[in-house]
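Below you'll find the structure, written out as structure tokens, and then a few comments.
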Amino acid sequence: MTLELIQCIASGDHRAAEELFRSKSKQIWGILWYRGGKRLPAGLELEDLYQEIWEELLRSARSAPPQVNFGGWITTIIQRILSRQIRNSNQLPASLSNMEDPRSFFGRLLEDKPRKSASFRASQLESLILLLEKVEELPKQHRETFYQFWFEERSWGEIGATQDRTPDAVRVNLDRIHRQLRKQLEDLESEPPTQWASME
10 MTLELIQCIA SGDHRAAEEL FRSKSKQIWG ILWYRGGKRL PAGLELEDLY QEIWEELLRS
70 ARSAPPQVNF GGWITTIIQR ILSRQIRNSN QLPASLSNME DPRSFFGRLL EDKPRKSASF
130 RASQLESLIL LLEKVEELPK QHRETFYQFW FEERSWGEIG ATQDRTPDAV RVNLDRIHRQ
190 LRKQLEDLES EPPTQWASME
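209 is the number that our numbering gives the last residue of the sequence shown; the numbers go up by one with no jumps.
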């Protein structure tokens, strides 16, 4: 579905661009924050980078569309923009990172609702950042599993190949990660995570 939208955008379909924005904006915010986030040099604002990413996405949809999945493609675009901006600023951040359906876990945290006020959008972004802060506290392998599944859109087998694990073992591990994150955020009395569905 996402690749079809990209093809439509490449053909000049503005409604396809609007639909892609509705369906993928949270994923793009997540990748941007995870890859840059607090490590950005002074003077670089996430919102400015976010706008630049969308502009680059629309250009690339015509010149170099994704061949396999959206996650890996947009991650490459984001990394390229971050690297360029950091290089231009002559500063380096301390660190720049070198769904069968568990997908309801992430979707319900930030699901689209009728309210579209600025305060509601800010609340959604705050919830996303809270989630990703907790992801950063996970052990490295758990962090990478979460990131590869949710943002790079890799399959169980692809993730397993990077960890020398079976696809089933990866899925079980992600289930544990989801449960751990859900519990941590519920303990913080954050309302949206209490809505997360389990993988069962």
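Note that the Cβ used here is the ideal one computed from N, Cα and C, for glycine as well.
Q. If Ile87 and Ile40 are in contact, beta carbons under 8 Å, what's the gap, nearest whole angstrom?
A. On the sequence shown, position 78 is the one that residue 87 refers to. On the sequence shown, position 31 is the one that residue 40 refers to. Correct: roughly 5 Å between the Cβ atoms.
Q | Assigned exposure category for Asn97 - 16 Cβ within 10 Å defines buried | A | For the purposes of this step, residue 97 is identified with residue 88 of the sequence shown, where counting begins at 1. Flag for Asn97 reads exposed.
Q.
Here's the rule I'm using: 16 or more other beta-carbon atoms within 10 Å means buried, otherwise exposed. How should Gln150 be labelled?
A. In the sequence shown, residue 150 corresponds to position 141, counting from 1. That one is exposed.
Q | Selection from Phe79, Arg89, Ile95, Leu91 that minimises the alpha carbon distance to Phe158 | A | On the sequence shown, residue 158 is found 149 positions in, with the first residue counted as 1. It is Phe79 whose Cα lies nearest to the Cα of Phe158.
Q: Using beta-carbon positions only, say whether Trp165 and Val144 come within less than 7 Å of one another.
A: Position 156 of the sequence shown, counted from the start, is the residue given in the question as residue 165. Position 135 of the sequence shown, counted from the start, is the residue given in the question as residue 144. Contact flag unset, no.
**Q.** Terminal residues of the alpha helix (DSSP H) in which Asp57 lies
**A.** Residue numbering aside, residue 57 sits at position 48 when the sequence shown is read from its first letter. Segment 55-72, the alpha helix (DSSP H) holding Asp57.
**Q.** Where the alpha helix (DSSP H) through Gln36 begins and ends
**A.** For the purposes of this step, residue 36 is identified with residue 27 of the sequence shown, where counting begins at 1. Per DSSP, Gln36 belongs to the alpha helix (DSSP H) from 23-44.
Q: Find the nearest neighbour of Gln94 within the set Ile37, Ile83, Asp57, Asp22, judged by alpha-carbon distance.
A: Against the sequence shown, residue 94 aligns to sequence position 85. With distances taken between Cα atoms, Gln94 lies closest to Asp57.
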